[in-house]
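Report on one structure; see the data block that follows.
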Amino acid sequence: SFTFPANDEESDNVLNSGIDLQFSVMKACKNKEAAYEVLKYLYDDETIQIYLDDQGGIACKDGDFAIPETLKDMRPYIENNRMADYQDHHYPSEMSVDAMIQTFLLDTSDNAQEKFLKRFDSGWKRYNRDLIRKVQDYQKEQEDAQ
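Going by the working numbering, the sequence shown opens with residue 1009, and the numbers climb by one from there.
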């Protein structure tokens, strides 16, 4: 494994890495204490290291976790926190950004970039309307409190 150079300056390169799983306990869970015990076990350092040894990943928890040999060339990026999250973690999958990007790449018109950005912005607003509303409500509450 290696980090693909994406810039003229090596110091500007980062390793893309992202957390692809999440634990949660639902509000309506009937056995919350048992669920939290399972989560406590899963979040234990020893359990995390077992998972990493088996799956070959990087811990998403601070601690002294071994970096797999298969990722040894990425170690300087990991140890120096030269990492960035995948961009697709920042927009809803319902937006079908993969199709938008493919359309953009095949579009040879002079305004291809403008069309792509307009479509992306429109989709982002559409699929994040509930989040946008919550932020607006919060901002209004803060203004009213002052």
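No residue lacks a Cβ here, since even glycine has one placed at the ideal position from N, Cα and C. All figures in this text were calculated on a predicted structure; none of them were measured in a lab.
Same chain, Cβ closer than 7 Å to T1011, five either side skipped, listed in chain order: Position 3 of the sequence shown, counting from 1, holds the residue named residue 1011. Contacts found: N1021, L1023, M1082 and Y1085.
Rounded straight-line distance, which links the Cα of Q1121 to that of R1090: One-based indexing of the sequence shown puts residue 1090 at position 82. One-based indexing of the sequence shown puts residue 1121 at position 113. Using only the alpha carbons, I get a separation of about 29 Å.
For A1014, the residue or residues it bridges with in DSSP: In the sequence shown, the residue the question calls residue 1014 occupies position 6. A1014 is not bridged to any residue.
DSSP state of A1092 mapped onto helix, strand, coil: As a working mapping, residue 1092 is identified with position 84 in the sequence shown. The three-state secondary structure of A1092, taken from DSSP, is strand.
Residue closest to E1045, alpha-carbon to alpha-carbon, out of Q1057, F1031, I1058 and M1103: The sequence position of residue 1045 within the sequence shown is 37, counting from 1. Residue F1031 is the option with its Cα nearest to E1045.
Inter-residue spacing [alpha-carbon to alpha-carbon] between R1134 and K1142: As a working note, residue 1134 is residue 126 in the sequence shown. As a working note, residue 1142 is residue 134 in the sequence shown. Straight-line measurement puts the Cα of K1142 at about 14 Å from the Cα of R1134.
Coil, strand or helix - L1060 by DSSP: By one-based count along the sequence shown, residue 1060 stands at place 52. Correct three-state label for L1060: helix.
A1107 CB to nearest heavy atom of the ligand ZN below 6 Å: Looking for the ligand ZN in the displayed structure turns up nothing, as the structure carries no ligands at all.
For P1076 and L1050, believed in contact at Cβ under 8 Å, the rounded distance: Counting from one through the sequence shown, the residue named residue 1050 turns up at place 42. Counting from one through the sequence shown, the residue named residue 1076 turns up at place 68. Contact between L1050 and P1076 does not hold, since the beta-carbon distance rounds to 19 Å and is not under 8 Å.
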